[in-house]
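Trainee: If you use the UniProt record's numbering, the sequence shown corresponds to residues 1 to 194, in order. Note that CB positions come from ideal geometry on N, CA and C, so glycine has one too.
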Amino acid sequence: MNTQIKFLVPIIIYCFVFIKTDVVGAQTLDEELKKCSEITVSLIRLQCYDRLAKEPEVRSAQASNQTKRKKLFQRRSRDTVAIKEEQETIIEKTNADTTVANQPDNFDKFSDNFGKVIESEANEMSSRISGQFNGWDGDTEFNLENGQIWQQTGNGILKVSMNSPKVKIEAGIFGGYTLSVEGYNSRVKVKRVK
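(1) V181: buried (16+ other C-beta within 10 angstroms of its C-beta) or exposed?
(2) May I have the straight-line CA-CA distance separating F7 from I44, to the nearest angstrom?
(3) I need the straight-line Cα distance from E124 to G172, nearest angstrom please.
(4) Pick helix, strand or coil for K194, following the three-state DSSP scheme.
(5) By DSSP, does I44 sit in helix, in strand, or in coil?
(6) Does I91 pass the burial test, meaning 16 or more other C-beta atoms within 10 Å, or should it be called exposed?
(7) From V160 to E141, what does the alpha carbon distance come to, in whole angstroms?
(8) The alpha helix (DSSP H) spanning N2 covers which residue range?
(9) Tell me the DSSP secondary structure of Y184 in three-state form.
(10) Give the straight-line distance between the Cα atoms of L29 and S42, rounded to the nearest whole angstrom.
(11) Find the nearest neighbour of S186 within the set E38, I169, G176, K194, judged by alpha-carbon distance.
(12) Apart from the five residues on each side of it in sequence, which residues of its chain come closer than 8 Å, Cβ to Cβ, to A63?
(13) Straight-line CA distance for V188 to A82?
(14) Quick check on Q148: does DSSP put it in helix, strand or coil?
(15) Is the distance from the Cβ of Q152 to the Cβ of D139 below 8 Å?
Below, the structure is given as structure tokens:
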């Protein structure tokens with residue numbers, strides 16, 4: 001017990017003498033903040049900042065420093081306003097250029113482009129198979145009522161005999177498409193031929 005006290009007393013004296021005098025010796029908030037920022041150990045640096053925030057005399061900074069700070073902040077705010085204006089004009093110019101470049105030639109063919117390389121906003125499409133449908137068996141072509149023709153690319157067999165069933169074609173994860181027949185829990189990968 002006696003050795004612990006002998007060890008702790010010098011540490012406590014060191015803390016009161018050196019650490020407290022640095023904080024007390026600092027005259028302005030700026031100097032105290034600078035001293036806190038020079039501390040390399042993060043926990044001690046955080047404690048230093050906490051001490052500054054709790055001291056009532058530090059909260060009210062001197063008036064002479066406030067005028068310097070106001071001038072500094074005014075300069076910074078003027079600079080940021082000028083930078084923001086430049087950025088807005090650049091954004092407006094690029095938006096005008098991209099809107100002209102992004103306009104497609106044919107506006108009325110959006111529904112006909114489903115499944116082609118051009119990406120459309122629709123992730124799924126519903127239609128009916130024209131005529132008799134006998135399922136798929138590995139190399140089946142699907143003729144839809146809307147004029148599109150889809151080719152089976154995935155493996156799988158579905159044996160069914162239906163007249164003009166409703167089908168749904170959905171966009172897959174990696175750019176592929178899957179076809180499913182309404183009422184059946186079976187899907188097959190397809191690609192658009194026409």
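Mentor: Taking the definition as stated:
(1) It counts as buried.
(2) Taking the straight line joining both Cα atoms gives about 21 Å.
(3) E124 and G172: Cα-Cα distance of roughly 9 Å.
(4) Note: K194 maps to coil in three-state DSSP.
(5) Annotated three-state conformation of I44 is helix, per DSSP.
(6) So I91 ends up on the exposed side.
(7) The C-alpha of V160 lies about 15 Å from the C-alpha of E141.
(8) Per DSSP, the continuous alpha helix (DSSP H) segment holding N2 begins and ends at 2-14.
(9) Y184 falls in the coil class under three-state DSSP.
(10) So the two alpha carbons sit approximately 20 Å from each other.
(11) Distances from the alpha-carbon of S186 to those of E38, I169, G176, K194 put I169 closest.
(12) Confidence at A63 is low in this model, with a pLDDT of 49, below 50, so its placement is unreliable and no value can be given for it.
(13) Taking the straight line joining both Cα atoms gives about 57 Å.
(14) Three-state result, Q148: coil.
(15) Contact flag set, yes.
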